Amino acid sequence: MHLKTGQKLRWEPVSETEVRIVVEVDAVVDPLQALGFGREVRTDAPRRTAEWMDDIRDGE
-18 MHLKTGQKLR WEPVSETEVR IVVEVDAVVD PLQALGFGRE VRTDAPRRTA
32 EWMDDIRDGE
């Protein structure tokens, strides 16, 4: 079955006396998929550093 440490298993009841074990396959995450995520979430124009610093200082 090529099980690895930390791999998730799901128990599915088949009958009153039987269960089926399903090995959950983890999707391989591509770190490059994260590029551009910020632009999708924040559709407004990028802020300047001075604006960010003003917000941070206002919170202190």
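Counting along the sequence shown from 1, when you hit position 17 you're at -2 in our numbering, and nothing is skipped either side.
Here a beta-carbon is modelled for each residue, glycine too, at the ideal position from N, C-alpha and C.
Bear in mind that the values here come from a model prediction, so they are computed numbers and not experimental data.
Taking one beta carbon from each stretch, the stretch 3 to 15 and the stretch -16 to -8 have 3 or more pairs nearer than 8 Å; the two touch. One alpha carbon belongs to Gly17, the other to Thr(-2), and they sit about 50 Å apart.
Collapsing the DSSP output to three states places Arg29 in coil.
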